[in-house]
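Down below is the structure, laid out as structure tokens.
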Amino acid sequence: MRKRYRVRVNRSGIIFIGITVFFGVAAVNTANNLLYLVVSSMLSFMLVSGLISLYNLRGLSIKLIPPAEVYAMRYENFRLLVENRKRLPSFLIRFPSKLKDETLPIIFKRGETNVSLFFERRGLYQNVQVVIATSFPVGLFERYYVEVVPINLVVFPKPIPTKLSFLESSSTKEMGESFQSLTRGYDEVHSIREYRGEPVKLIHWKASAKTGKLYVKDTYSQEKSPIVLSLDLVDGSKEEKVSKLAYLVIKLISEGYPVGLKIGEDIIPPATGERHKREILTALALLK
Numbered sequence: 001m002r003k004r005y006r007v008r009v010n011r012s013g014i015i016f017i018g019i020t021v022f023f024g025v026a027a028v029n030t031a032n033n034l035l036y037l038v039v040s041s042m043l044s045f046m047l048v049s050g051l052i053s054l055y056n057l058r059g060l061s062i063k064l065i066p067p068a069e070v071y072a073m074r075y076e077n078f079r080l081l082v083e084n085r086k087r088l089p090s091f092l093i094r095f096p097s098k099l100k101d102e103t104l105p106i107i108f109k110r111g112e113t114n115v116s117l118f119f120e121r122r123g124l125y126q127n128v129q130v131v132i133a134t135s136f137p138v139g140l141f142e143r144y145y146v147e148v149v150p151i152n153l154v155v156f157p158k159p160i161p162t163k164l165s166f167l168e169s170s171s172t173k174e175m176g177e178s179f180q181s182l183t184r185g186y187d188e189v190h191s192i193r194e195y196r197g198e199p200v201k202l203i204h205w206k207a208s209a210k211t212g213k214l215y216v217k218d219t220y221s222q223e224k225s226p227i228v229l230s231l232d233l234v235d236g237s238k239e240e241k242v243s244k245l246a247y248l249v250i251k252l253i254s255e256g257y258p259v260g261l262k263i264g265e266d267i268i269p270p271a272t273g274e275r276h277k278r279e280i281l282t283a284l285a286l287l288k
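FYI, the numbering for the sequence shown is 1 to 288, going by UniProt numbering.
Here's what the structure looks like:
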């Protein structure tokens, strides 16, 4: 897709244009050749400055590396990798943001910085827009364009704190009955499974060494009962319910509860670990 470059006049540029207009009017009124020469030089300076600024932005491509978890309605910090395909370096490349602007003083072939991005809604983002700008060489004008960066990112719902009183409700207990015999703990081992971000003490090193993949021990424990969450356990609009469930998933798994999710006929069985938490949050993020 062809890039559309735009220009914004800086404060110093406004002053420079004002001085140029002043000398231009004076040259016309006085027919002074020296003033004509000065005005021509100033106009040429602006033209050359604009061409250099345009070249400075050309040949740049960027890639975004997201953090492990990205939530809606808050700024998230992304790694931004810049590749310069030009022969000459680029100078003073700026990435504007409402939270904080980031500037790379010089980019030879590659550069790296962090940029804060804001997502207004949950769901799947195929790409995001990043503004790339520069005031090089003299700061009279800022030239910029919007780069559409492919990312294929799932943004989790904004967590909304809610009470945990439903844990004592009969409906929750009924949902958990089929899982009461099996929870993740640190007692008697009954099987092994693939690693999902559990504590290191649960890793089954012998099985992991044989297969080349990390496996953890499944144990019996009566300390934490499994919990299956669903939309009818919380109140509010659909989006509020999704956000409240996201909060509960984060809180309960951090407290060691095996957590599952039931949406219609689909169910994610209770489990623990960071990978399982993200699996549930992904399901909530993509809920229609």
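Every residue gets a Cβ at the ideal spot worked out from N, C-alpha and C, and that includes glycine.
If you look at Phe-23, you'll find it in the alpha helix (DSSP H) that goes 11-30. Residue environment: Phe-95 is assigned as buried (16 or more neighbouring CB atoms within 10 Å of its CB, all protein chains considered). DSSP places Phe-78 in the uninterrupted beta strand (DSSP E) bounded by 75-84.
Its chain contains Tyr-5 and Arg-143 as the residues whose beta carbon lies nearer than 7 Å to that of Leu-54, once the 5 sequence neighbours on both sides are disregarded; these appear in chain order. The C-alpha of Tyr-195 is placed about 13 Å away from the C-alpha of Ala-209.
Taken atom to atom, the span from the alpha-carbon of Arg-8 to that of Met-46 is near 13 Å. Scanning the UniProt domain "DUF58" (192-285) for uninterrupted alpha helix (DSSP H) segments of 4 residues or longer gives 205-211, 238-254 and 274-285, listed from N- to C-terminal end.
Check the Cα spacing between Leu-51 and each of Thr-282, Phe-141 and Ile-203: the tightest is with Phe-141.
Within the DSSP bridge table, the entry for Ala-133 names Arg-94 and Tyr-144 as partners. Collapsing the DSSP output to three states places Gly-139 in coil. Leu-124 sits close to Leu-286, with the two beta carbons spaced by under 9 Å.
Between Phe-119 and Val-70, the CB-CB gap stays under 9 Å. With distances taken between CA atoms, Asp-101 lies nearest to Asn-114 out of Phe-91, Asn-114, Thr-30 and Glu-255.
Shown here, Leu-124 sits in a strand according to DSSP, grouped into three states. In this chain, the beta strand (DSSP E) harbouring Leu-117 covers 110-118. For Thr-103, the beta-bridge partners assigned by DSSP are Arg-94.
DSSP places Leu-60 inside the beta strand (DSSP E), whose first and last residues are 60-65.
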